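Trainee:
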């Protein structure tokens, strides 16, 4: 009896010991937030498609990823701001101009926020926009070819973070500068003269309804603050744009401390319809500036870069009723507008509350001039007069908010590492789930639009730690997919992502799939060096330049033997892929090429520049496994010493006559 | 008994009763329907392979080809098959006239109301069907057997003659050969002509 008691006591102690050794968070299946039928809900049967396209920013990789939801499978990386050697983006002669800027060729960037085009604030599946945060740029990506079609640089900007975010009918994408800067044309000023000389430029980039062509319509010269994020109004607020700010302290050093002093920073409300009126009245002023505008043509398969030398500016001091500041607690980050356009959610990342502003109240406060002074001449509206209410104790470090379309908002909390669902009208927290770890952005399909589909939310986390098999010091970024169709948010899937996703948007596959481009029509190819058939292939010498009009078709290049190239020549291989069948790209690679390989889609022409460095015979081959005889898709280029008299000859499937010619030359 | 019925109908026919109105109308309409054959394909060949889950298809018209002919040619060059092109088919020069003749004969048959002419028309129709199918078969035979000696892929004893009609497996491809709208209109005319004849024999004594 005593023995038995002892035994039980020992067991109990052992169990207690095991429990108390180390606090550990259970991150696996037993957790209550994991859906019991999670596997079934994310399983996409072989041969079937995902329900949503998830268009994801690549962060420091400067690109855009395409992911399928709910499976979390990465389908493609779309090169945007950074060179991409696997396809030759930014290396081929056709795409190099896309990365041109006023600084010259900038082959990389830090891409942050995705904005899908909308009509009446609802996704229309035409384009994706993304910002280049570092060298201020906005790119437009076609959702039929999944290629970058246009990149515009933003002058008078020190970092394009508060961007691109589009208006209800994609009239504009915006670019609010993260760093206030002195104007580009008068920029040599002491840094300490921040308050006098630095301005927070906000650019409105117009987007053509049919072609999508971008142009900077005007820049607002606002007081020197940092713009963080932004959202356009919807419905009744569609004529307005809202921008979150920090550093209203106007510090230029040790911002960590100096920009965190004030109790409240601002959300800037811009009446952009009014700005258009002022422009029409001739209130705009053209100022010198220098920025690149790069456009890719699907017809010529080539990009052109144009440097523009002036920009239209609007000075708010000369344009009353254009801008209003709404006080917002502690360095707001996200600034999100609910599907109705009535509520603007600020996320003070150092605040203990989520303030929700009312658009109606804002209009009333403006009408009644319920001001709390002004900031550098811009009226500051009274906090209480514009506030719908505050969500109390929601969590720590609110960053971004999206909407489920059923009256709820979901906000990401970086510090407390969770997603919190709350009711917009009642301002009450209704649910919370942990994220792994420290969520940054979040994304609900259609979440920023007037019509959220609301089925899922994805958390894009900043810290990965132990979520996947370890891969050394650098880890894949972690994302989680949650089911938000019920009252409780349920974790479904944990999946790694490419680069470091900041923001992402998701759109029903049906809105995009139907427009998908399968091939480029050969007869529509207007590339100046196209060869529309093997009969048109040739090699042309222009001094030191050699142009090879080349074709590829399963499974050979034409020509595949070239002689008569000399050291000191610059060779341009203009490769046209003659295939007119979906999913038959051909690659092209030359040994020792100092740039990249190229991947050429059916009907496309792409050019690889090659400067031979050695005398000899250089192999070249196809890098995309195109057919049963892909391995045979190879050829040779003979490089002779400078000044050699080997004649220029080429061919496919026949022995090169140059050998004969050479013998004759030798005889003489 | 059967023989009796047969001879009875034969003797009836000898009385040379003119065709009924309904027969005339059916013949005229089904002949005129053939005009549509000038604007739609008459035959189609559909191909499936593991790499082509969406399928490939080629359509044959009275005077041209359409569909994914280039892709089919691109694939077939591996096994040394000739490039399919319109010059391969001298029939394209004849077919439009041949069909015009059939339409004219059909209308004539309907107009003249003569059962003998109806039988003659049916015979012509059946004969032209046989000739057309033989012609198509011989093209298929030539196309499937006359392979380039320098072909990359050679399978001993393998020929690639497409099916005359129906389904056949050719290496990794499954090939269907079936009439398209235009072809079905010919079938319709044939069926109407036969039915008319039977109808006339049975009812118009």
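Chains as they are written, first to last, in my numbering: chain A, 1 to 668; chain B, 1001 to 1205.
C-beta atoms are modelled at their ideal positions from N, C-alpha and C, and glycine is treated no differently.
All figures in this text were calculated on a predicted structure; none of them were measured in a lab.
#1: So, with DSSP's three-state summary, where would you put residue 588/A?
#2: Can you name the residues of chain B whose CB is closer than 8 Å to the CB of residue 629/A?
#3: Should residue 177/A be labelled buried (16 or more other beta-carbon atoms within 10 Å of its own) or exposed?
#4: With 8 Å as the threshold, decide whether the Cβ of residue 1070/B is near any Cβ in chain A.
#5: Tell me which same chain residues have a C-beta within less than 6 Å of the C-beta of residue 44/A, skipping the five on either side of it?
#6: Taking the beta strand (DSSP E) that residue 556/A falls in, what are its first and last residues?
#7: For the alpha helix (DSSP H) containing residue 1203/B, list its first residue and its last residue.
#8: Would you say residue 580/A reaches chain E, if we count a Cβ-Cβ gap shorter than 8 Å as a contact?
#9: Residues in the same chain with beta-carbon distance under 8 Å from residue 642/A, minus the five sequence neighbours each way, listed in chain order, please.
#10: So with CB distances below 8 Å, who are the chain B contacts of residue 406/A?
#11: Looking at the structure shown, is residue 342/A part of a helix, part of a strand, or coil, going by DSSP?
#12: Mind listing the chain A neighbours of residue 1074/B? Cutoff is C-beta to C-beta under 8 Å, in chain order.
#13: Does DSSP put residue 368/A in a helix, a strand or coil?
#14: Would you identify the three-state DSSP class for residue 126/A, choosing helix, strand or coil?
#15: Can you tell which of 1123/B, 1131/B, 1114/B, 1039/B has its C-alpha closest to the C-alpha of residue 1201/B?
#16: Mind pulling the beta strand (DSSP E) runs of 3 or more residues that sit fully within the region 521-548 of chain A?
#17: Between which residues of its own chain and residue 38/A is the CB-CB distance below 6 Å, once the five residues before and five after are set aside?
#18: Please check the pair residue 159/A and residue 197/A, which I expect to be a contact at CB under 8 Å, by giving their CB distance rounded to whole angstroms.
#19: So, using beta-carbon positions, are residue 587/A and residue 623/A closer together than 8 Å?
#20: Which whole-angstrom value is the C-beta distance of residue 335/A and residue 266/A, which I expect to be below 8 Å?
#21: Starting from the N-terminal side, write out each stretch of the alpha helix (DSSP H) that is 4 residues or longer and does not extend beyond the region 26-76 of chain A.
#22: What residue range is occupied by the uninterrupted beta strand (DSSP E) comprising residue 651/A?
#23: So, residue 433/A versus residue 414/A, is the Cβ gap smaller than 8 Å?
#24: Assuming residue 116/A contacts residue 410/A (C-beta within less than 8 Å), just tell me the rounded distance between them.
#25: Pick from 1111/B, 1102/B, 1130/B, 1058/B: whose alpha carbon is nearest that of residue 1086/B?
#26: Quick check on this structure: which residue in 612/A, 577/A, 532/A has the alpha carbon closest to the alpha carbon of residue 563/A?
#27: Give the DSSP-derived three-state secondary structure of residue 238/A in the structure shown.
#28: Could you spell out where the beta strand (DSSP E) holding residue 1146/B opens and where it closes?
#29: How about residue 202/A and residue 270/A: do their beta carbons lie closer than 8 Å?
#30: Use the C-beta contact count for residue 375/A: other C-beta atoms within 10 angstroms, 16 or more gives buried, fewer gives exposed.
#31: Would you mind stating whether residue 162/A and residue 91/A have Cβ atoms separated by less than 8 Å?
#32: Look up residue 1052/B in the DSSP assignment and say whether it is helix, strand or coil.
#33: Does the beta-carbon of residue 536/A have 16 or more other beta-carbons within 10 angstroms, so that it is buried, or is it exposed?
Mentor: A quick look at the data gives this:
#1: strand
#2: 1078, 1152
#3: buried
#4: yes
#5: 50, 71
#6: 556-558
#7: 1181-1203
#8: In the displayed structure, chain E is absent; the protein chains listed are A and B.
#9: 566, 567, 568
#10: Within 8 Å Cβ-Cβ: nothing; residue 406/A doesn't reach chain B, min ~39 Å.
#11: coil
#12: 553, 554, 579, 581
#13: coil
#14: strand
#15: 1114/B
#16: 538-542
#17: 492
#18: The Cβ separation is near 17 Å, so there is no contact.
#19: yes
#20: Contact flag wrong, Cβ pair sits at about 10 Å.
#21: 38-42
#22: 649-651
#23: no
#24: Incorrect: roughly 19 Å between the Cβ atoms, too far for contact.
#25: 1058/B
#26: 612/A
#27: coil
#28: Looking at the DSSP string, residue 1146/B is not in any beta strand (DSSP E), and its letter there is neither H nor E.
#29: yes
#30: buried
#31: no
#32: strand
#33: exposed
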